[in-house]
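Residue numbers (mature numbering (1 follows the signal peptide of the UniProt record, and there is no 0)): -20 to -1, 1 to 393.
The beta carbon of each residue, even a glycine, is placed where N, CA and C say it ideally should be.
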């Protein structure tokens, strides 16, 4: 059995940035044109001029209608004390946003390089309402594994192909989609994400963070108000700390989804989640893995890999539908999953001091651990969960040993 400590993992995941840089470093102040004109070219010019050993100041209100592809940065401070607002132009952004090769993801801004510090108390405004309303009307999310050039729902900021990055004291509002992409040693702290729809359209796919193909990532001391995962660990996320988070209205802190694409190997390992407040949510501590699939070209399950060494500790839930959930048949018909269990194993998962109340949406079920193949070394201590009505029920299926759980399991009906 492997356990992971917060202090131990923080020691290796926190980037060592030179925050107090030379006061005589080159500084680029970005002007704002005003009148609704595109400030994107001026921002790009500043990043080109101050790409190394420099500081970029964004202290105005900027309208951005141009892809911000800011790569090759080295030892750069980005002080965002103003607002960057992307235009709500679906017809333009869908083809021009940068495609990220996973689940139809594209981005407005791709921040890449080494030793980058983004800070300043400013705001990223993604103008998400138009995207949510359009998606709600058309239900066109693009094709899994391919880019939709007609409706792409870009991510406000992607830290990608980057090392040693700190993003702190930034607000993000109106996110149309969700990324930490192929990066190492990235820390987010004191981030405020608010994704709220002002129409009847839900804020679909409004994840707070998705981590993909990245190692040594820390997310802490942040607030997320949204309608999808608060934090999600996508394929090949390793050595992750998520701590001191307040999430409202979300789909939980989720491992996955994983195993969606046949022929792909997805790994999530060494994840430590601590001191979480989860309110009015669909899920609390969740693991979601697709079932198997006989087709070698499947985009709805059949992938391989593993989930290993995951800890959820001091996790408080209030009015949450599924406080603790393992679903190894995610988005997979029951008959298919019974015939083709998941090829992606789940082991070494630990729940410590998960407390609070469920919403009653699942009756009196407060824990639901259902594996299509055997899940090994699943433990729980300090569980104190109360359903809205009745006596708490704990569902377990294909758990190798229920003796390491501090509740009595029943089989799913």
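| query | result |
| --- | --- |
| Runs of alpha helix (DSSP H) lying entirely within the segment 47 to 129, each at least 4 residues, in chain order | 70 to 76 and 109 to 118 |
| Delimiting residues of the alpha helix (DSSP H) encompassing residue 317 | 314 to 319 |
| Extent of the continuous beta strand (DSSP E) run through residue 40 | Here residue 40 belongs to no beta strand (DSSP E), and DSSP marks it neither H nor E. |
| Secondary structure of residue 356, DSSP reduced to three states | strand |
| Cα-Cα separation between residue -9 and residue 196, rounded to whole angstroms | At residue -9 the pLDDT is 49, less than 50, meaning the model places this residue with poor confidence; the figure from the coordinates comes in the next sentence. The straight-line gap from Cα to Cα measures roughly 7 Å. |
| Same chain only: Cβ atoms within 6 Å of residue 141, ignoring 5 sequence neighbours per side | 92 and 162 |
| Residues near residue 351 in its chain [Cβ-Cβ closer than 7 Å; skip 5 each side] | 306, 308, 326, 377, 378 and 379 |
| Contacting residues, own chain, Cβ-Cβ under 6 Å from residue 61 (five flanking each side not counted) | 39, 100, 101 and 102 |
| Proximity winner among 311, 375 and 41, relative to residue 15 (alpha-carbon distances) | 41 |
| Alpha helix (DSSP H) runs wholly inside the segment 262 to 339, at least 4 long, in chain order | 314 to 319 |
| Whether residue 156 touches residue 193 by CB criterion (9 Å) | no |
| Buried or exposed by the 16-neighbour rule on C-beta atoms within 10 Å, applied to residue 319 | exposed |
| Cβ-based neighbour list, residue 284, same chain, cut-off 8 Å, excluding 5 preceding and 5 following | 239, 244, 245, 246, 323 and 324 |
| For residue 256, three-class secondary structure by DSSP | strand |
| DSSP three-state assignment for residue 236, whether helix, strand or coil | strand |
| Reference residue 340; option with closest CA among 328, 282 and 298 | 298 |
| Continuous beta strand (DSSP E) stretch holding residue 173: start and end | 164 to 174 |
| Boundaries of the alpha helix (DSSP H) in which residue 411 is found, first to last residue | Residue 411 is absent from the model: the chain starts at -20 and stops at 393. |
| DSSP three-state assignment for residue 244, whether helix, strand or coil | coil |
| Counted within 10 angstroms of its Cβ, other Cβ atoms place residue 343 as buried (16 or more) or exposed | exposed |
| Cutoff 6 Å; reference residue 358; Cβ partners in own chain excluding five residues on either side | 329 and 379 |
| Spatial neighbours of residue 349 in its chain, beta-carbon cut-off 6 Å, leaving aside the 5 residues before and after | 306, 376 and 379 |
| Beta-bridge partners of residue 23, as assigned by DSSP | Note: residue 23 sits in no beta bridge, so no partner. |
| Exposed unless 16 or more other CB atoms sit within 10 angstroms - verdict on residue 49 | exposed |
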